[in-house]
Amino acid sequence: MEALLCSVALSCAVIALVYAWKILNRVWFRPKNLEKCFRQQGFKGNSYRVLLGDLKEMRMMMKEANSRPINFSNDIVPRVLPFTHRTLKNYGQNCFVWFGPRPAVIILDPEVIKEILSKSYIFQKPAGNAFSRLLARGLASYETDKWAKHRKLINPAFHVEKLKLMVPSFYLSCAEMLNKW
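Counting from 1, position 23 in the sequence shown corresponds to residue 31 in my numbering; the numbering is continuous, with no gaps.
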């Protein structure tokens with residue numbers, strides 16, 4: 009009886025340790041390891057903070073931006089995305105931010121963006137939840153062979169020569185809109 013009680017207690021302790029390790033790994037070790045990898049690759053950003061990451065700071069900056077009156081300039085980014093605006097100012101075009109224990113990479117270099125968007129096999133998309141996969145079907149959500157097939161179908165429509173033919177239509181549409189203002 010005593011041996012059974014001891015083995016049950018030991019089993020519970022092992023299970024508790026395994027779950028504690030998984031939680032510690034998810035909320036501390038994995039984010040810190042990702043941060044280290046980002047910094048080695050030349051990305052800059054805030055250091056990881058346990059559980060919340062940059063979310064608390066994002067919320068405070070958004071609240072502050074919404075409390076001020078709207079400027080009548082075309083520069084709306086500081087009002088709409090104040091945290092992202094400040095991060096880009098402080099860390100440059102290649103940086104990262106933390107949404108809890110998950111990082112988000114911000115890349116503004118067109119050549120790097122082109123490489124990321126054209127190589128679906130190398131740069132994997134994060135797995136979304138089932139509801140978003142149901143609603144958001146299209147080239148942006150497809151992976152591997154399905155992505156390659158749809159990209160081949162869409163690519164001819166965006167050839168430079170075809171886009172040049174559409175410039176007069178774009179011009180007329182924009183001119184109409186500006187005249188209405």
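Even glycine gets a Cβ: it sits at the ideal position worked out from N, Cα and C. Nothing here was measured: the structure is a model prediction, and the numbers come from that model.
Three-state secondary structure (DSSP) at Val229?
-> Summary: the structure shown does not reach residue 229, with the chain confined to residues 9 through 189, and so no result is reported for it.
Using 7 Å as the cut-off, classify the Cβ of Val85 as near or not near the heavy atoms of the ligand NAP, replying yes or no.
-> Of the ligands one can find in the structure shown there are none, so the ligand NAP has no counterpart to examine.
Closer than 6 Å by C-beta to Pro111: which residues in its own chain qualify, once you throw out the five before and the five after it? Chain order, please.
-> For this step, residue 111 is matched to residue 103 along the sequence shown. Answer for Pro111: Leu42, Phe104, listed in chain order.
Taking C-beta to C-beta, are Ile121 and Ile115 nearer than 8 Å?
-> Position 113 of the sequence shown, counted from the start, is the residue given in the question as residue 121. Position 107 of the sequence shown, counted from the start, is the residue given in the question as residue 115. Yes, Cβ-Cβ distance for Ile121 and Ile115 is below 8 Å.
Going by the CB atoms, is the gap between Gly108 and Leu63 shorter than 8 Å?
-> The residue you call residue 63 lines up with position 55 of the sequence shown. The residue you call residue 108 lines up with position 100 of the sequence shown. It is a contact, given that the beta carbons lie within the stated cut-off.
Beta carbon of Asn98 nearer than 8 Å to that of Asp117 | Taking the sequence shown and counting its residues from 1, one reaches residue 98 at position 90. Taking the sequence shown and counting its residues from 1, one reaches residue 117 at position 109. No, they are not a contact pair.
Around the Cβ of Trp29, are there at least 16 other Cβ atoms within 10 angstroms (buried) or fewer (exposed)?
-> In the sequence shown, the residue the question calls residue 29 occupies position 21. It is exposed - the Cβ of Trp29 has fewer than 16 other Cβ atoms within 10 Å.
What is the rounded straight-line gap between the Cα of Tyr27 and the Cα of Asn82?
-> As a position in the sequence shown, residue 27 is number 19, starting the count at 1. As a position in the sequence shown, residue 82 is number 74, starting the count at 1. Straight-line Cα distance between these residues: approximately 51 Å.
Is Glu65 near Phe91, with beta carbons less than 8 Å apart?
-> Here residue 65 corresponds to residue number 57 of the sequence shown, with the count starting at 1. Here residue 91 corresponds to residue number 83 of the sequence shown, with the count starting at 1. Cβ atoms of Glu65 and Phe91: closer than 8 Å.
Could you tell me whether the Cβ atoms of Phe35 and Val58 are closer together than 8 Å?
-> Counted from its first residue, the sequence shown places residue 35 at position 27. Counted from its first residue, the sequence shown places residue 58 at position 50. The sequence shown places Val at residue 35, not Phe. Going by C-beta atoms, Val35 is nearer than 8 Å to Val58.
Alpha carbon to alpha carbon, how far is Phe139 from Lys154?
-> Taking the sequence shown and counting its residues from 1, one reaches residue 139 at position 131. Taking the sequence shown and counting its residues from 1, one reaches residue 154 at position 146. Answer to the nearest angstrom: the Cα atoms are 20 Å apart.
Other residues of its chain near Leu60: CB distance less than 7 Å, five sequence neighbours each side excluded = What you label residue 60 is simply residue 52 of the sequence shown in a count that begins at 1. Contacts found: Gly108.
Starting from the Cα of Trp106, find the closest Cα among Ile162, Cys14, Lys40 and give me that residue.
-> Counting from 1 along the sequence shown, the entry for residue 106 is found at position 98. Of the candidates Ile162, Cys14, Lys40, the one whose C-alpha sits nearest the C-alpha of Trp106 is Lys40.
Span of the beta strand (DSSP E), counted from its first residue to its last, around Arg110 = As a position in the sequence shown, residue 110 is number 102, starting the count at 1. Segment 110 to 115, the beta strand (DSSP E) holding Arg110.
Opening and closing residue of the alpha helix (DSSP H) in which Pro164 lies | Numbered from 1 along the sequence shown, position 156 holds the residue referred to as residue 164. Unbroken run through Pro164: none, as it is neither H nor E.
Grab me the residues of Met69's own chain with a C-beta within less than 6 Å of its C-beta, minus the 5 sequence neighbours each way, in chain order.
-> What you label residue 69 is simply residue 61 of the sequence shown in a count that begins at 1. Within the same chain, Met69 has close Cβ partners Pro90, Phe91.
Determine the burial state of Thr152: buried for a count of at least 16 other Cβ atoms within 10 Å of its Cβ, exposed for fewer.
-> On the sequence shown, position 144 is the one that residue 152 refers to. The residue is exposed, with fewer than 16 neighbouring Cβ atoms inside 10 Å.
Can you tell me which of the three DSSP states Lys52 falls into?
-> Residue numbering aside, residue 52 sits at position 44 when the sequence shown is read from its first letter. Three-state result, Lys52: strand.
Which residues bound the alpha helix (DSSP H) around Pro118?
-> Here residue 118 refers to the residue found at position 110 of the sequence shown. Element bounds for Pro118: 118 to 126.
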